[in-house]
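A short write-up of the structure that comes next.
Protein chains: 2
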Amino acid sequence: MQTRSKETRSQIKKAAIEEFCRSGYDAASVSDICRKAGVSKGAFYYHFSSKQVLFLAIMEDWLQGIDTQLFANRVPEKKVIQSIQDMGSTLGVIFQAASGQLPMFMEFMVQASRDKEVWNAVIAPYRQYQQSFSGLINEGKKDGSFRKDVDAGEAAWVLISLAVGILLQGVVDPRAADWESVTNKGVQMILDGLHRREA
Amino acid sequence: MQTRSKETRSQIKKAAIEEFCRSGYDAASVSDICRKAGVSKGAFYYHFSSKQVLFLAIMEDWLQGIDTQLFANRVPEKKVIQSIQDMGSTLGVIFQAASGQLPMFMEFMVQASRDKEVWNAVIAPYRQYQQSFSGLINEGKKDGSFRKDVDAGEAAWVLISLAVGILLQGVVDPRAADWESVTNKGVQMILDGLHRREA
Numbered sequence: 001m002q003t004r005s006k007e008t009r010s011q012i013k014k015a016a017i018e019e020f021c022r023s024g025y026d027a028a029s030v031s032d033i034c035r036k037a038g039v040s041k042g043a044f045y046y047h048f049s050s051k052q053v054l055f056l057a058i059m060e061d062w063l064q065g066i067d068t069q070l071f072a073n074r075v076p077e078k079k080v081i082q083s084i085q086d087m088g089s090t091l092g093v094i095f096q097a098a099s100g101q102l103p104m105f106m107e108f109m110v111q112a113s114r115d116k117e118v119w120n121a122v123i124a125p126y127r128q129y130q131q132s133f134s135g136l137i138n139e140g141k142k143d144g145s146f147r148k149d150v151d152a153g154e155a156a157w158v159l160i161s162l163a164v165g166i167l168l169q170g171v172v173d174p175r176a177a178d179w180e181s182v183t184n185k186g187v188q189m190i191l192d193g194l195h196r197r198e199a
Numbered sequence: 200m201q202t203r204s205k206e207t208r209s210q211i212k213k214a215a216i217e218e219f220c221r222s223g224y225d226a227a228s229v230s231d232i233c234r235k236a237g238v239s240k241g242a243f244y245y246h247f248s249s250k251q252v253l254f255l256a257i258m259e260d261w262l263q264g265i266d267t268q269l270f271a272n273r274v275p276e277k278k279v280i281q282s283i284q285d286m287g288s289t290l291g292v293i294f295q296a297a298s299g300q301l302p303m304f305m306e307f308m309v310q311a312s313r314d315k316e317v318w319n320a321v322i323a324p325y326r327q328y329q330q331s332f333s334g335l336i337n338e339g340k341k342d343g344s345f346r347k348d349v350d351a352g353e354a355a356w357v358l359i360s361l362a363v364g365i366l367l368q369g370v371v372d373p374r375a376a377d378w379e380s381v382t383n384k385g386v387q388m389i390l391d392g393l394h395r396r397e398a
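Listed below in structure tokens is the structure:
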């Protein structure tokens with residue numbers, strides 16, 4: 001994509017996030033978004049065939065950003081337990097930074113609850129995370145990070161649930177706690193719980 | 200309150216939940232709710248001075264229900280670790296039953312993100328739960344349930360975050376996992392993590 005075209009695309013996304021936060025997804029109109037972004041409707045529809053497509057693109061950016069930052073911590077040379085601890089630290093930083101993103105985060109959830117296509121776009125990565133963590137925990141059972149009797153699938157859901165819960169609370173009530181520290185402690189507690197007892 | 204008056208109140212709440220789920224809080228009108236409940240506007244305003252007051256009453260019922268079921272498990276004769284395990288089992292059952300309540304749950308969150316009064320009504324009980332769990336974990340440090348070096352405040356947030364995360368995932372994606380089992384396993388992992396190492 002040309003630089004100028006890329007810039008337009010990113011301007012439209014930025015304006016849309018502001019509009020969605022201010023008025024909500026349903027009330028935000030393509031005209032308002034175009035006005036705020038300083039682009040024509042022609043330019044808008046060149047980049048995004050509909051408001052929903054734009055919304056999904058914003059959500060994909062958001063999920064992709066978390067994914068990239070998170071799995072940068074998985075280095076094959078490290079033990080699994082260490083990789084997951086490092087992921088916890090990364091998440092803590094992401095979550096502490098997520099405060100202020102409450103309205104957009106809520107829009108993702110609400111639209112997911114009303115629209116099958118958005119729901120699929122939210123749910124697919126969750127289930128994908130669960131698969132990835134399941135695999136990681138199974139590796140950890142081999143490298144001695146975790147007890148052999150750990151149910152990797154359920155343990156993966158527990159880690160993801162903790163992350164989702166902290167993210168939600170961090171955006172809803174950023175000042176209630178040091179969410180970065182809560183994330184690290186929580187991941188550590190779960191890892192301790194999964195650790196080989198005989199160690 | 201008279202039986203008949205109580206019934207009217209509960210009919211209005213039931214109709215409102217349906218309307219809020221179907222159209223969203225903003226679009227649902229008092230007229231629609233009255234029509235669905237089969238009550239006059241006079242009766243409505245006798246019970247609820249505004250749509251927001253009605254919404255807050257529904258949310259209070261919901262939170263109160265969880266609270267009552269949860270803390271019924273705290274019996275002073277039991278060790279803290281046992282009480283929290285039992286709470287986990289109760290929550291698991293509540294969460295498994297919560298599937299299907301997604302739209303109303305989302306409405307609570309969205310309204311909280313837009314309206315200071317609703318936000319306070321959601322946040323106050325969370326912070327209250329954290330205080331209660333903090334106290335419970337401190338008791339558990341005394342009765343030998345947990346290590347002495349556990350930070351009770353942060354451990355309380357970890358437990359609450361896990362619960363919030365499982366609840367959210369359970370309502371968004373009920374079929375992805377056996378959420379009752381995930382709740383029990385998750386609580387157990389955290390309790391193992393908090394347990395005295397020397398035990």
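For the protein sequence lines, the chains are U and F, in the order given. Residue 199 is where the first sequence ends in the numbering used here, and the numbering goes up by one at each step. Residue 398 is where the second sequence ends in the numbering used here, and the numbering goes up by one at each step. All C-beta atoms in this analysis are idealised placements derived from N, C-alpha and C, irrespective of residue type, glycine included.
My assumption, with CB atoms under 8 Å, is that residue i sits in contact with residue j. Please give the rounded CB distance.
i	j	result
Gln329(F)	Ile359(F)	6 Å
Val110(U)	Val370(F)	Wrong, their Cβ atoms sit about 13 Å apart, outside the cutoff.
Ile12(U)	Val39(U)	6 Å
Between the options, which lies nearest to residue i when the distance is taken from Cα to Cα?
i	options	result
Ala351(F)	Gly334(F), Lys341(F) and Gly343(F)	Gly334(F)
Glu7(U)	Ala37(U), Ser23(U), Ser29(U) and Phe20(U)	Ala37(U)
Leu192(F)	Val349(F), Ala375(F) and Ser380(F)	There is simply no residue 192(F) to check, as chain F begins at 200 and stops at 398 in what is shown.
Asn272(F)	Gln284(F), Gln263(F), Trp261(F) and Phe345(F)	Gln284(F)
Glu379(F)	Glu154(U), Asn184(U), Thr183(U) and Thr3(U)	Glu154(U)
Ile293(F)	Thr267(F), Met305(F) and Ser249(F)	Thr267(F)
Ser5(U)	Asp26(U), Asp32(U), Tyr45(U) and Thr183(U)	Tyr45(U)
Gln251(F)	Asp225(F), Gly339(F) and Arg346(F)	Asp225(F)
Ile58(U)	Arg9(U), Lys141(U) and Ile81(U)	Arg9(U)
Trp318(F)	Gln201(F), Thr202(F) and Glu259(F)	Glu259(F)
His47(U)	Gln2(U), Asp143(U) and Met106(U)	Gln2(U)
Gln82(U)	Glu18(U), Asp32(U) and Glu139(U)	Glu139(U)
Asp342(F)	Asp314(F), Phe270(F) and Glu276(F)	Glu276(F)
Ala355(F)	Asp32(U), Asp178(U) and Ser132(U)	Asp178(U)
Ser331(F)	Asp314(F), Phe270(F) and Val274(F)	Phe270(F)
Could you spell out where the alpha helix (DSSP H) holding residue i opens and where it closes?
i	result
Asp32(U)	Val30 to Ala37
Ser312(F)	Leu301 to Arg313
Ala43(U)	Lys41 to His47
Gly144(U)	Counting along the chain, Gly144(U) falls outside any alpha helix (DSSP H), and DSSP gives it neither H nor E.
Gly392(F)	Trp378 to Leu393
Lys14(U)	Thr3 to Ser23
Glu259(F)	Lys250 to Phe270
Ala191(F)	In the structure as shown, chain F starts at 200 and stops at 398, and residue 191(F) therefore has no counterpart that could be examined.
Considering only the beta carbon of each residue, do residue i and residue j sit closer than 9 Å?
i	j	result
Val158(U)	Met388(F)	yes
Val164(U)	Leu367(F)	yes
Leu91(U)	Ile166(U)	yes
Ala215(F)	Ala227(F)	yes
Pro103(U)	Ser312(F)	yes
Trp62(U)	Phe108(U)	yes
Glu117(U)	Leu54(U)	no
Lys79(U)	Ser145(U)	yes
Leu162(U)	Gly385(F)	yes
Thr382(F)	Ser248(F)	no
Tyr325(F)	Ala176(U)	yes
Lys41(U)	Val30(U)	yes
Of all the residues that make up the stretch 271-293 of chain F, which are near chain U by a beta-carbon distance shorter than 8 Å? none
Below 9 Å between beta carbons is the criterion; list the residues of the stretch 111-137 of chain U that meet it against any residue of chain F, in chain order. Ala112, Ser113, Arg114, Trp119, Val122, Ile123, Tyr126, Arg127 and Gln130
Interfacial residues, the stretch 353-365 of chain F to chain U, with Cβ spacing under 8 Å: Glu353, Ala354, Trp356, Val357, Ile359, Ser360, Leu361, Ala362, Val363, Gly364 and Ile365
Given a limit of 7 Å on CB to CB distance, which residues of the stretch 24-37 of chain U reach chain F? none
Positions along the stretch 241-259 of chain F whose CB lies within less than 9 Å of some CB in chain U: none
Positions along the stretch 374-385 of chain F whose CB lies within less than 7 Å of some CB in chain U: Ala375, Ala376, Ser380, Val381, Lys384 and Gly385
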